[in-house]
Amino acid sequence: MSAPTAVDVRARIREVLARDVLPYAGQWERQRHISATGWRDMGRAGLFSHPHTGPGFLDSAVLLEELGNTGYAGIRAAVGVHAYMAASYLEMFGSPEQRAAYRPGMLAGTTVAALAISEDAAGSDLRRLSTVATPDGTGGYRVTGVKRHVANGSRAGLFVVLARIGEPVAGSGLTGAALLLVDAGLPGVTREPEPMIGWHAADVCRIGLTDVPVAGNRLIGRPERTLLYLMQALNMERMVAGLLAVGGVMHCVDLVDRFARSHQIKDAPLSANQSVRHRIADLRAQLDLVRQYGYHAARSHSRGELDVRTASVLKLQATELAVSAAQTCVQFHGARGYREDSAAARLYRDAMAGTIAAGASELMREMIFEG
1 MSAPTAVDVR ARIREVLARD VLPYAGQWER QRHISATGWR DMGRAGLFSH
51 PHTGPGFLDS AVLLEELGNT GYAGIRAAVG VHAYMAASYL EMFGSPEQRA
101 AYRPGMLAGT TVAALAISED AAGSDLRRLS TVATPDGTGG YRVTGVKRHV
151 ANGSRAGLFV VLARIGEPVA GSGLTGAALL LVDAGLPGVT REPEPMIGWH
201 AADVCRIGLT DVPVAGNRLI GRPERTLLYL MQALNMERMV AGLLAVGGVM
251 HCVDLVDRFA RSHQIKDAPL SANQSVRHRI ADLRAQLDLV RQYGYHAARS
301 HSRGELDVRT ASVLKLQATE LAVSAAQTCV QFHGARGYRE DSAAARLYRD
351 AMAGTIAAGA SELMREMIFE G
C-alpha cells in the first residue's frame, strides 16, 4: 500500500480533523478530556463509523494514522479506545441485541466507551484479576472491584469490564472470568481522575465498582471463551496502538524537518549540518519501514489473519520509534523544545505512554520471542 484507497480517504479524514478536532485540541488537553460537543461532532462526521474488520479496515488504518498525525496523543488514545478497542469487544463478540443497544450511541458519539481491564496487581498478568462478578440468583451479577488507568473514564457512558465469576481456581488462568457491559450510570460506579505525565486529553481515571448490579444480558459471549476473546481483542488493540503511533511519528518527523529547514544557526539553516540531515533521513527511513509494516498488519487483520507476533512487532517498533523521534524533536528545538507549552515537549511526554499502554515493550518482546 502506499495506503490503499489512500488519497481520497486521507484527504477526507484530514478535512474532518482540521474542522472538528484541531481547533479544540489545545482546550481538550488543558481540561484533560474531550468535550461532549467534540465527541458528537466527531460522531456526526463519521469518524467512529469505519469498519473494525474486513476489506474496509484498510480505510480505518488510514484514519488511525491521521489521528496520530494530529500531534495530540491523548486525543488519539481516547478515540482509539472508544472507536476500536472498546468497540471491538462489542463488534466481534457481542450479541445482536447488545450491538443494537449500544452501537447507535457509540457511532454518534453520544455514548463514549471505555475499557476497564487493568488493575493494580493485574496489568499484563490478568491471572491476578481481583474484580469479581458474583451471580445474584436472578441471572444477573453484582460486580465489585477497582480498575485503574481507564481512558475516557470520566466521560464514558459504557465500560467493558473484565471480572472473575466467583472465586478463582488455582492454576486456571482466566477460566471463570467474564467480560461485562457496565453502564456508567449504575449505582456503585465511581470515577476518580488519575493525572498522567502525558496523554492529557485521554481522561484517564480510576473506576470503582461496588456491588454494581449488571443484568445477565450484558454478559459478552460465553465466560469459558473469555481468554480467547481477550487474545483476539488484544491483537487488535496492539495493532491499533501501533498504527496510532505511526501517525505520531509522521507528525514528529514533519515538525523536526520544518524546524531544521527554518531555524538559523550562524547564518545557515540547521539542516545545513550534515549530522542533522542524516538524523532526519534515519527517522524517515525507519518511519517508512514501520509504516509499511503497519499496512501489512492492517491487511492481515482485514483477512482475519492478524496474529500475536505481527501485532506485537508493530506495537513495539512503532511506539519505540515514537520515543526516539520525540527525543530528537526536543533536542533539535533546544530549550524552546523543553518548555512545557511547546509541541515538542507534548510529543515527548506523550510518547512514553505508547510503550506502556496495551502491553509494555518488555511484554511485546516476550511475545515476539515466544512466537
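So the sequence shown is residues 1 to 371, counted in UniProt numbering. Note that the Cβ used here is the ideal one computed from N, Cα and C, for glycine as well. Note that the structure is a prediction, hence the values are computed from the model and not measured.
Contact check between the region 190-201 and the region 25-43: three or more CB pairs, one atom from each, fall below 8 Å, which counts as touching. If you draw a 10 Å sphere on the C-beta of Ile117, you find 16 or more other C-beta atoms in it, and that means buried. With respect to Tyr348, Gly337 sits close: the two C-beta atoms are nearer than 9 Å. 9 Å or more divides the Cβ of Val214 from the Cβ of Arg103.
Selection Arg258, Lys147, Ala73, Gln98 evaluated against Cys205 yields Lys147 as nearest (Cα-Cα).
The continuous stretches of alpha helix (DSSP H) do not include Ile356, and DSSP gives it neither H nor E.
Collapsing the DSSP output to three states places Asp211 in a strand.
Nearest Cα to Ala87 within the set Asn69, Ile75, Pro135, Met106: Met106.
Ala285 and Gly139 have their alpha carbons spaced roughly 56 Å apart.
In the DSSP assignment, Leu158 forms a beta bridge with Ala113, Asp183. In its chain, beyond the 5 residues on either side, Ser271 have a beta carbon closer than 7 Å to the beta carbon of Arg277. Per DSSP, reduced to three states, the secondary structure at Lys147 is strand. Bridge pairing for Pro269: Gln264 [DSSP]. Assignment of Arg339 by DSSP, reduced to helix, strand and coil, places it in the coil class. With respect to Val9, Val62 sits close: the two C-beta atoms are nearer than 9 Å.
When the Cα atoms are used, Val16 and Ala113 turn out to be separated by approximately 21 Å. According to the DSSP assignment, Thr131 belongs to no alpha helix (DSSP H), since it is labelled neither H nor E. Pairing Ile165 with Val189 gives a Cβ-Cβ distance that is not under 9 Å.
Between Ala245 and Thr319 the beta-carbon gap is near 5 Å, inside 8 Å, which marks them as a contact. Non-local beta-carbon contacts of Val308 in its own chain, meaning distances under 7 Å to residues more than five positions away in sequence, involve Asn235, Met367, Gly371 in chain order. By the Cβ test, the region 78-97 is in contact with the region 46-56, since at least three Cβ pairs between them sit closer than 8 Å. Annotated three-state conformation of Ile197 is coil, per DSSP.
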